[in-house]
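Residue numbers (the UniProt record's numbering): 652 to 942.
Here is the structure we will look at, set down as structure tokens.
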Ligand code: C2E
Ligand code: MG
Ligand code: MG
Ligand code: MG
């Protein structure tokens with residue numbers, strides 16, 4: 652007598668696959684409409700000095716609040732957007748929103764910068780530099796206000812165009828960061844070959860399998876390498892105060908992570924900027940340098 656289809660049977664397995672396929676198709680369809688329907692929001696996470704927690708910049712992070720699927724994580728919809736050719740549109744939307752928001756914040760915080768993530772596909776098409784130029788012109792922001800984050804994987808995928816795009820951006824004073832540093836390959840080769848302004852050291856060195864004492868030694872070495880090459884280093888994924896201690900030890904200047912503040916919607920950012928060094932913050936923090 653055959654067993655009824657239960658967990659682990661072939662029938663159950665293919666049913667789950669069908670579900671997954673249906674979900675993917677639904678996500679794919681709805682992602683096409685997400686920008687026109689205003690479902691892609693931009694949240695911001697502070698980038699701070701390790702020394703005193705001063706907010707020096709904000710990283711723009713895309714959020715999809717789908718009317719049908721709820722909050723879809725970037726780890727799901729960004730790769731999907733890359734696959735179906737929507738990532739240029741999303742990245743340029745985020746760039747536009749982030750620059751408009753920043754122009755508002757810079758009235759009171761004139762040195763504040765915004766960092767925008769750029770997918771590999773944007774290096775392949777020639778729209779990125781034009782989009783950056785147009786956005787800077789529209790918002791009146793100087794190039795120095797903007798940092799574009801590229802991953803090693805993206806640069807590796809289009810090394811020839813990546814070099815040209817980086818040169819063009821930097822000639823407009825826009826800075827370029829290498830994101831998730833330490834998770835890709837041939838990292839050192841890229842450091843020598845591309846004129847980068849910032850290294851964002853992946854959180855694996857603090858919290859991942861490479862964490863612990865070994866991770867901290869790696870961190871120190873990367874920070875030192877950055878210093879010699881004249882590249883600023885930012886540690887990602889700083890969650891605990893002992894992580895911060897490790898950064899002080901490594902002489903890493905900048906950090907990002909839940910310890911200093913997670914991503915938050917634009918409406919709450921002005922309040923956070925005000926809080927740093929203001930009446931609401933702890934007395935151990937000196938007044939912020941940015942007026
Ligand atoms: P990323 O650029 O490396 O961004 C940092 C990610 O780490 C963000 O995840 C952030 O929420 C998370 N994070 C921040 N602090 C901590 C911490 O202390 N601990 C831990 N565990 N995580 C922390 P998020 O927002 O889910 O984004 C994931 C990735 O999706 C981003 O990684 C980026 O590669 C991509 N992404 C997000 N927005 C965009 C976008 O507009 N365009 C493109 N092309 N990619 C984007
Ligand atoms: Mg990033
Ligand atoms: Mg990163
Ligand atoms: Mg990352």
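By construction, the Cβ of each residue, glycine as well, lies at the ideal position given by its N, Cα and C atoms.
Given the structure is predicted, the values throughout are model-derived calculations rather than measurements.
Taking one beta carbon from each stretch, the region 717 to 731 and the region 779 to 797 have fewer than 3 pairs nearer than 8 Å; the two do not touch. Assigned with DSSP and collapsed to three states, residue 846 falls in coil, not helix or strand. A distance criterion of 8 Å places the beta-carbon of residue 887 in contact range of ligand 3, judged by its closest non-hydrogen atom. Residue 743 sits in a helix when the DSSP states are folded into three classes.
Rounded to the nearest angstrom, the Cβ distance from residue 701 to residue 921 is 24 Å, too far for a contact under 8 Å. For residue 852, the Cβ stays outside the 8 Å cut-off from all heavy atoms of ligand 1. At a Cβ-Cβ threshold of 9 Å, residue 690 and residue 914 do not count as neighbours. Looking at the DSSP output, residue 695 bridges to 711 and 915.
For residue 776, the closest C-alpha among the options 738, 696 and 675 is that of 738. When the Cα atoms are used, residue 899 and residue 746 turn out to be separated by approximately 32 Å. Relative to ligand 1, residue 696 has its C-beta within less than 8 Å of a heavy atom. The Cβ atoms of residue 767 and residue 797 sit closer than 9 Å to each other.
Contact annotation: the region 782 to 792 does not touch the region 808 to 815, with fewer than three C-beta pairs closer than 8 Å.
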